[in-house]
Ligand code: SAM
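Shown next, in the form of structure tokens:
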């Protein structure tokens, strides 16, 4: 028997018109829709006049439900995976079943569509050439501190998601490490009150008292010299470890350190033989 296909279907992040014709056709043609919140997805299906069996697939049942869905796919059922908003797997359930499909030789087909981080980024005016998506910052103090350190050093554009009631606290935590960097708060994307609040951290903080809605935070990367200065304050060993952690080999690390410190690479090489 031919196995079924798992379609990962992006749905709107606010405006119900943001769904592709292909996504609608897939939702119409699959036998089953696995949804993060079936009641939420039902509203979308009603709007699209689609009637289809729904099964819940959320963070708290991902492991057990993915096994069940794999059995159905093995038996030839075509399934669409959707989340409450946007692209499944991006800060939403999805990863688990996708991994298991690949392990079980089940075809996975992405159906592109809305994703909050991409839309916030492209309208931000901050460089899109290179960026790093960090999702939600961890709440655990130690992990949060590590992420903050990462943000401090990151030269690429940084994208964060944040819940409205935690936004001000997160911005306050970021305050000292992202001074003099451009920030864009993309609020309520694709909805009636969509807005882009632009400024530096102090200006943004003035604007977020009692602010409501959904947010993506785009932060300009650290300036290259800022990072060089910071790296050059490290001991040579720590400077080495910094690049080692990024996966560079010895030759590349030495070349990079020499470049940062504006010295001849043989000079650095001698220290590491
Ligand atoms: N899978 C989704 C995607 O593709 O963007 C993200 C889901 S994640 C659970 C929810 C977070 O995404 C929100 O807390 C917010 O940071 C961001 N988000 C979702 N919709 C948004 C919107 N319309 N405007 C701004 N941010 C949004």
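In the numbering used here, the protein residues as written are 2 to 274. The beta carbon of each residue, even a glycine, is placed where N, CA and C say it ideally should be. Just so you know, these numbers come straight off a predicted model, no measurement behind them.
query                                                                                                                        : result
Cβ neighbour criterion (16 or more within 10 Å) applied to residue 37                                                        : buried
Cutoff 8 Å; reference residue 74; Cβ partners in own chain excluding five residues on either side                            : 4, 5, 6, 7, 80, 102, 105, 107
Any heavy atom of the ligand SAM within less than 6 Å of residue CB: hits in chain order                                     : 14, 15, 84, 86, 87, 88, 91, 92, 93, 116, 117, 118, 162, 163, 164, 187, 189, 190, 191, 192, 215, 216, 217
Continuous alpha helix (DSSP H) stretch holding residue 199: start and end                                                   : It is not in any alpha helix (DSSP H) - residue 199 instead sits in the beta strand (DSSP E) that spans 196-200.
Environment of residue 27 [buried if 16+ CB atoms lie within 10 Å]                                                           : buried
Close beta carbons around residue 60, own chain, < 6 Å, minus the five adjacent residues each side                           : 94
Neighbourhood of residue 233 by C-beta distance below 8 Å, restricted to the same chain and skipping five residues each side : 240, 261, 262
Minimum C-alpha distance to residue 138 - residue among 96, 92, 158, 122                                                     : 92
Short Cβ contact (7 Å threshold) for residue 117 with residue 20                                                             : no
Cβ neighbour criterion (16 or more within 10 Å) applied to residue 274                                                       : exposed
Contact under 7 Å by Cβ, residue 25 with residue 55                                                                          : no
Enclosing alpha helix (DSSP H) for residue 144 [first to last residue]                                                       : 142-154
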